[in-house]
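A.B. asks: Please read through the structure below; I'll follow up with questions.
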Amino acid sequence: MLNGEEILPLATSQDHKTIGEGDKGLNTGGMGAYSPVPFVNEKLNKKIIDNVIRPTVKGLASEGIHFRGFLYAGLMIDENLEVKVLEYNCRFGDPETQPIMMRLESDLYDLIDSCSRVG
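Under my numbering, the residue at position 57 of the sequence shown is numbered 1407, and the numbers go up by one with no gaps.
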């Protein structure tokens, strides 16, 4: 989540892409999701924020865009924990958001309201 200046990261989530069990079969739009992602520890999460999200926010600001709302970064993380950006969406990820909302302990309205305010 962004309020034009600050980043409020939500929990990590990963979708199941393949149609079959055991990561077999064709990819789909998502057959379900889970959160948190077990291998995304604090160090990797910081790497994602520092190397992907912050530069994105800085790049937007350099173009005069002070985005407020949900910025979903669809990422691919390889076996060496290298992060690649597949896509950005200015919305919640689907189906990735469902398990995040199940874990959310605060009021979603308050989070959305805070995004509408700078600082």
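Built from N, CA and C at the ideal position, the CB exists for glycine as well. All values derive from a computational prediction rather than experimental measurement.
Using the Cα positions of Gln1364 and Arg1404, report the straight-line distance between them to the nearest angstrom.
C.D. replies: Walking along the sequence shown from the start, residue 1364 turns up at place 14. Walking along the sequence shown from the start, residue 1404 turns up at place 54. Looking at the two C-alpha atoms, the distance is approximately 21 Å.
A.B. asks: May I have the straight-line CA-CA distance separating Ile1492 from Pro1388, to the nearest angstrom?
C.D. replies: Only positions 1351 to 1469 of the chain appear in this structure, which leaves residue 1492 out of reach.
A.B. asks: Should the stretch 1379-1395 be called in touch with the stretch 1437-1454, which here means at least 3 C-beta pairs below 8 Å?
C.D. replies: At 8 Å Cβ cutoff, the stretches touch.
A.B. asks: Determine the DSSP secondary structure at Phe1382, reduced to helix, strand or coil.
C.D. replies: Along the sequence shown, read from residue 1 onward, the residue named residue 1382 stands at position 32. The question names Phe, but residue 1382 is Gly in the sequence shown. In the structure shown, Gly1382 sits in coil (DSSP, three-state: anything other than H, G, I, E or B).
A.B. asks: Count the other CB atoms within 10 Å of the CB of Ile1462; is the residue buried (16 or more) or exposed (fewer)?
C.D. replies: As a first step, residue 1462 must be located in the sequence shown, where it is residue number 112. Exposed, because fewer than 16 other Cβ atoms sit within 10 Å of the Cβ of Ile1462.
A.B. asks: Out of curiosity, what's the CA-to-CA distance linking Tyr1422 and Glu1392?
C.D. replies: In the sequence shown, the residue the question calls residue 1422 occupies position 72. In the sequence shown, the residue the question calls residue 1392 occupies position 42. Going by the C-alpha atoms only, they are around 19 Å apart.
A.B. asks: What residue range is occupied by the uninterrupted alpha helix (DSSP H) comprising Gly1443?
C.D. replies: Walking along the sequence shown from the start, residue 1443 turns up at place 93. It is not in any alpha helix (DSSP H) - Gly1443 carries neither H nor E in the DSSP assignment.
A.B. asks: Using the C-alpha atoms, what's the distance from Gly1379 back to Thr1362?
C.D. replies: Here residue 1362 corresponds to residue number 12 of the sequence shown, with the count starting at 1. Here residue 1379 corresponds to residue number 29 of the sequence shown, with the count starting at 1. Spanning the two alpha carbons is a distance of roughly 18 Å.
A.B. asks: So is Gly1424 buried or exposed if we call it buried at 16+ other beta carbons inside 10 Å?
C.D. replies: Reading the sequence shown from its first residue, position 74 is the one you call residue 1424. Exposed is the call here.
A.B. asks: Going by DSSP, what residues sit across from Asp1365 in a beta bridge?
C.D. replies: As a first step, residue 1365 is located in the sequence shown; it is residue number 15 there, counting from the start. For Asp1365, which the question treats as bridged, DSSP gives the partners Ala1383.
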